[in-house]
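Beneath this line is the structure, given in structure tokens, with notes to follow.
Protein chains: 2
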Amino acid sequence: MSENITETPRRVRSDARRNIDALLEAARVAFATSGVHTPVREIAERAGVGVGTVYRHFPQRSDLVAAVFRHELDACASAAPALAAEHEPGEALERWLQRYTNLLATKRGLAAALNSETPAFEGLPGCFQEPLMPALALLLDAAAAAGQARADVKPGDLLQAVASLCLPAGDDADYAHRMVTLLIDGLRYTAPTLAAGARSA
Amino acid sequence: MSENITETPRRVRSDARRNIDALLEAARVAFATSGVHTPVREIAERAGVGVGTVYRHFPQRSDLVAAVFRHELDACASAAPALAAEHEPGEALERWLQRYTNLLATKRGLAAALNSETPAFEGLPGCFQEPLMPALALLLDAAAAAGQARADVKPGDLLQAVASLCLPAGDDADYAHRMVTLLIDGLRYTAPTLAAGARSA
DNA sequence: CAATATACGGAACAAGGTTCCGTTTACAAG
DNA sequence: CTTGTAAACGGAACCTTGTTCCGTATATTG
Chain A
1 MSENITETPR
11 RVRSDARRNI
21 DALLEAARVA
31 FATSGVHTPV
41 REIAERAGVG
51 VGTVYRHFPQ
61 RSDLVAAVFR
71 HELDACASAA
81 PALAAEHEPG
91 EALERWLQRY
101 TNLLATKRGL
111 AAALNSETPA
121 FEGLPGCFQE
131 PLMPALALLL
141 DAAAAAGQAR
151 ADVKPGDLLQ
161 AVASLCLPAG
171 DDADYAHRMV
181 TLLIDGLRYT
191 APTLAAGARS
201 A
Chain B
202 MSENITETPR
212 RVRSDARRNI
222 DALLEAARVA
232 FATSGVHTPV
242 REIAERAGVG
252 VGTVYRHFPQ
262 RSDLVAAVFR
272 HELDACASAA
282 PALAAEHEPG
292 EALERWLQRY
302 TNLLATKRGL
312 AAALNSETPA
322 FEGLPGCFQE
332 PLMPALALLL
342 DAAAAAGQAR
352 ADVKPGDLLQ
362 AVASLCLPAG
372 DDADYAHRMV
382 TLLIDGLRYT
392 APTLAAGARS
402 A
């Protein structure tokens, strides 16, 4: 009666475990240096395995990308509550968005993966935004309730917008931060509409 | 004395002219319905020519894309002076940016072409921004001089940012306008916010 | 040690961009 | 109209990259 059917129906073979780790590491390095479009063959070679092994563990290219970045995304998401506790709602929101921006601008390829139209990356945006959505919603609602941010912006839209803005950042993380700062200012300070006329800042 | 050496060193052969026009039209339709990633073979077939002919007139895929959209971009650029004459600087800037947004969100594939990393689209961003840069610089400088916009934002950065924001718009032009509106608000009203120290990894 | 499920490697296939080159054609000079 | 020729044509062929398939190798378990 040593059968444990609850979880892990079958152990992972040791060589498989080793190869998965080698692949993740090789992919991480490759994405960081050559971008997410690094050919699968090349990643496989760097990891010392055949392409068949890659597809055994990561049925689609996007699964490999997702696996490489998942850890960092989770860390980013879990940082939200602390920020909310330590700062004013508006400032917490801004700090978190800048942190997210930094993640996108720093980890080369993350933004590209989130915006690529390649069918191989199908579903990645949703997969990546899922863990972040609750975090941002928390901050956004708090800021809106405190009158420190618009209430008419959806978390998903905002995540997508930041990801898009970070796309051209390439090696210039500063560009991303400047543009996201503009967006945040627009988020915090609703301008009078065109009809209301323009006043100087 | 019929020699006219001023321009057109050599006339274009009639069949070439016809094929170029057919290609541009086929590409326009294909981009609008299937996106900029429509295979070259398919565009060639729709135009009734061979792929060799496509590459004869448009050495790179991006040249075809550029040719298809150039006309609309020029029209957008040339609309700036009129807007500057008819409206307050800040409003003229906003109206022009929204028009640019509409162009990007409406012509399917334009935003994608401007943000794609495919080597085939190499240089397209620069090629497309070149005619728009002077137009936006005009509006931006005027608005900044009138105190109706920040003075620390570069025209090129802004063009790029708007193009990026329009990327996920897909069929939903409204998303693009909402996000660009946020950006514009941030452009017009500098927030007295925290220093740029909020970027933890 | 043997049996077997699991995993491995890489050849093979599909798709799309680009090149090459033998053939066809517009057009201008005679 | 004929004809010479530069220009253009078409599409087979090539290359790169994602993905699948399957015969072979091996970790694990009793």
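From first to last, the protein sequence lines are chains A and B.
Mapped onto the working numbering, the consecutive letters of the first sequence carry residue numbers 1 to 201.
Mapped onto the working numbering, the consecutive letters of the second sequence carry residue numbers 202 to 402.
Heads up, the beta-carbon is just placed ideally off N, CA and C, and yes, glycines get one too.
| Closer than 8 Å at the beta carbon, the chain B residues around residue 178 (chain A) | 354 and 358
| Which chain B residues sit within Cβ distance under 7 Å of residue 117 (chain A)? | 238 and 313
| Along chain A, in chain order, which residues have C-beta atoms closer than 7 Å to that of residue 361 (chain B)? | 168
| said: Taking its Cβ as the centre, do 16 or more other Cβ atoms sit within 10 Å of residue 406 (chain B), making it buried, or is it exposed? | reply: An answer regarding residue 406 (chain B) cannot be provided, because it is not within the stretch 202 to 402 covered by chain B.
| message | Which of the three DSSP states is assigned to residue 122 (chain A) in this structure? | response | coil
| request: Please list the segments of the alpha helix (DSSP H) lying wholly inside the region 38-87 of chain A, counting only runs of 4 or more residues, in order along the chain. | output: 40-47, 51-57, 61-78 and 80-86
| Burial state of residue 71 (chain A), where buried means 16 or more other Cβ atoms lie within 10 Å | exposed
| task | Kindly say whether residue 215 (chain B), judged by its beta-carbon, lies nearer than 9 Å to any beta-carbon of chain A. | result | no
| message | Against chain A, does residue 365 (chain B) count as a neighbour if the rule is that its beta carbon must be under 9 Å from one of theirs? | response | yes
| Simplified DSSP state of residue 149 (chain A), which is helix, strand or coil | coil
| message | Any beta carbon of chain B sitting closer than 9 Å to that of residue 33 (chain A)? | response | no
| said: Counting beta carbon pairs with one atom in the region 35-43 of chain A and one in the region 10-19 of chain A, are three or more of them shorter than 8 Å? | reply: no
| said: Am I right that residue 213 (chain B) and residue 302 (chain B) are in contact with their C-beta atoms under 8 Å? What's the rounded C-beta distance? | reply: Incorrect: roughly 36 Å between the Cβ atoms, too far for contact.
| So which residues on chain A does residue 251 (chain B) lean against when the C-beta distance must stay under 8 Å? | Ordered by position in chain A, no residue passes the 8 Å Cβ test against residue 251 (chain B), which lies about 27 Å from the chain.
| said: I'd like the span of the alpha helix (DSSP H) that includes residue 292 (chain B), first residue to last. | reply: 290-307
| query | Quick one: is residue 375 (chain B) buried, meaning 16 or more other Cβ sit within 10 Å of its Cβ, or exposed? | reply | exposed
| task | Hey, could you find the ends of the alpha helix (DSSP H) residue 113 (chain A) is sitting in? | result | 110-115
| message | I'd like to know if the region 345-352 of chain B and the region 138-156 of chain A are in contact, where contact means that at least 3 CB-CB pairs between them fall below 8 Å. | response | no
| task | Under 8 Å Cβ to Cβ from residue 251 (chain B), same chain only, skipping five residues before and after it: list those, please. | result | 245
| query | Mind checking if residue 387 (chain B) is an interface residue toward chain A, Cβ cutoff 9 Å exclusive? | reply | yes
| field | Alpha carbon of residue 274 (chain B) to alpha carbon of residue 304 (chain B), nearest angstrom | value | 8 Å
| task | Give the interface partners of residue 384 (chain B) over in chain A, defined as CB-CB distance under 8 Å, in chain order. | result | 179, 182, 183 and 186
| Limits of the unbroken alpha helix (DSSP H) element including residue 222 (chain B) | 215-235
| query | Taking 9 Å as the CB-CB limit, is residue 282 (chain B) close to chain A? | reply | no
| request: Indicate the three-state DSSP secondary structure (helix, strand or coil) for residue 189 (chain A) in the structure shown. | output: coil
| task | Anything in chain B within Cβ reach of residue 55 (chain A), meaning under 8 Å, just list it in chain order. | result | In chain order: nothing, as chain B lies at least about 23 Å away.
| Taking residue 351 (chain B) as the reference, which of A:161, A:122 and A:182 has the closest Cα? | A:182
| said: Looking at the secondary structure, which residues open and close the alpha helix (DSSP H) in which residue 171 (chain A) lies? | reply: Per DSSP, residue 171 (chain A) belongs to no alpha helix (DSSP H) and is neither H nor E.
| message | Can you find the residues in the same chain that come closer than 6 Å, C-beta to C-beta, to residue 171 (chain A), ignoring five residues on each side of it along the sequence? | response | none
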